[in-house]
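Quick note, the sequence shown lines up with residues 0 to 481 if you use numbering that gives the first Met the number 0.
Don't be surprised by glycine CBs; every beta carbon is placed ideally from N, CA and C.
Just so you know, these numbers come straight off a predicted model, no measurement behind them.
To start, the structure under review is shown below, and the notes come after it.
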Amino acid sequence: MNHDVILEVRGITKFFPPNILANYKVDLTLRRGEIHALLGENGAGKSTLARIIYGECKPDEGEILVEGRRVKLRGPRDAIRLGIGMVHQHFRLVESMTVAENVALVAAKRLILPVREVRDRLREFARKYELDVDPDAYIWQLSVGERQRVEILKALYAGARILILDEPTTALSPLERRRLFTALKRLKDDGYSVLLITHRLEEALQSDRITVMRRGRVVATIRPEEVSREELARMMVGRVVRTGNYVKRPSSRRSAPLLEVEDLWVMSDKGVYAVRGVCLKVWEGEILGLVGEAGNGQRELVEAITGLRRVEKGRVIIAGEDVTNAGARRIAELGVAHIPEDRLRYGLAPGLSLIDNYLLRKYYKSEYRRGPFIDYGKAEEELMRAVNEYRIVTPSLRVPALLLSGGNMQKLILARELSEAHRLIIASHPTYGLDVATAEFVRRFLVRERNRGSGILLVSEDLEEAMALSDRVAIINRGRIV
Ligand SMILES: Nc1ncnc2c1ncn2[C@@H]1O[C@H](COP(=O)(O)OP(=O)(O)OP(=O)(O)O)[C@@H](O)[C@H]1O
Ligand SMILES: [Mg+2]
């Protein structure tokens, strides 16, 4: 027995009826003090494997060994007791409680939450691993990066020595992504082991070892110095993905602006101005890229434009109509599509089926009704087409949306939001969480819509992506266009 190995997974198989083999004979070893990347496309089976290791999901076959001993996991509690911690793809924090309270909840067997003790421990973790967040801030006030640090701190506080992170960088800005890696390296140097789920090649290449999964199986476990980017991409996808080279029709003659934002002032949840006098215009047949690191007012700006947040001062005009502080539904009815940043919060009803989620914003429209009834036939036909186009992996249209993998949930929202003709598309980070092939499909889709005359506001942190797609690029910093 190799004492270096802290966790071993042997021959794990998990079948989801009727026809999904999420894991098939998966083997994996995690060493002490290593960052091990688990790489794979949307639906490859990464989260399923993580949930099995964390005791949230029972495998049909196979075994798990911790420090050489076979363990039986009846639930996450057993995993936590064995020193396994997990940060989920979608966070599980209590919004209305503070950071310290959320962390203290881990030890909630006691009646009174040990908040003071937690504060001290949080300070210690912050110093050692560069994981700082204000213990007294409320979760709803935090950025995605801060929330994630809270999740990691929770796991550390519970005594985890093995950390499983499920796509931790999906919604992080490049800066926060670098911070996370700094923290992970510190943890690793201190003897922690990290299983890092990702579909970003550059992240896998920064890890100590990489296990590539495809369609539920392990394709290979390798060291980064043994492969090139291209080889790694091919292992992951099983074929070559063509990117770039977008065919853009020359911009149409500028007739009318579709979106006009005039001297807009909007507050953040923290009660300070997040958008400070922004002016911008999006014309027919163009993509305006709005680039900046997350947290510079993009979210508040988009929410104000789409009717989800109050405008304090200034005007929003869509297709010539003043819609300042008009409701979200009225704005949507003007032909505005919105791909929200926080897709699960605004995006999906996890308990409803795929088809009901697809109909969520359409059911009242006449084309989806037959008399007093909803015309499921029409919706199903459309959704089937989208399932093929976006390659959404699902056993059927009738299963609850929460059974989809993270990336496939994103695809479902995109499919719904983009299923109708739109004059104006507000797309916040539309390729977050998508594997290479699907991301490319979405980019091509946006360009096609532009060529048909739609106006698109593309909010992105990825300068390269924004430059490749946009006709013009604006930079946002601290609530102002610079
Ligand atoms: N509880 C469940 N019931 C039925 N099918 C499920 C369930 N959980 C996951 N699946 C299916 O198993 C497959 C693997 O899903 P998993 O979430 O492990 O993928 P993933 O690699 O994490 O993908 P992503 O990158 O999109 O998050 C998917 O096809 C998913 O729809
Ligand atoms: Mg996943």
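In the same chain as Q205, and ignoring 5 residues on each side of it, the C-beta atoms closer than 7 angstroms to its own belong to F180, in chain order.
If you look at L413, you'll find it in the alpha helix (DSSP H) that goes G405 to E416. Taking the Cβ of G215 as the reference point, every heavy atom of ligand 2 lies at 8 angstroms or farther away. Between the alpha carbons of A318 and G306 lies a distance of about 15 angstroms. C-alpha of R216 to C-alpha of G326: approximately 47 angstroms in a straight line. Here the residues close to ligand 2, judged by CB distance below 7 angstroms to any of its heavy atoms, are K45, S46, Q88, D165, E166, I196, S404, G405 and G406 in chain order. Between the alpha carbons of S142 and V132 lies a distance of about 10 angstroms. The alpha-carbon separation between E302 and S254 amounts to approximately 26 angstroms. A distance below 7 angstroms between beta-carbons, with the five flanking residues on each side excluded, links M234 to the following residues of its chain, in chain order: V211, V218 and A219. The nearest non-hydrogen atom of ligand 1 is less than 8 angstroms from the C-beta of T393. Our two residues, L64 and L401, have alpha carbons roughly 29 angstroms apart in a direct line.
For Y357 and L396, the gap between their C-alpha atoms comes out near 10 angstroms.
A direct Cα-Cα distance of roughly 8 angstroms separates V70 from E62. The C-alpha of G158 is placed about 35 angstroms away from the C-alpha of A232. V114 and D135 have their alpha carbons spaced roughly 10 angstroms apart. When beta bridges are read from the DSSP output, K13 appears opposite N22. Per DSSP, the continuous alpha helix (DSSP H) segment holding T47 begins and ends at K45 to I52. Bounds of the beta strand (DSSP E) holding A273 are Y272 to W282. Beta-bridge annotation (DSSP): I424 is paired with A336 and I455.
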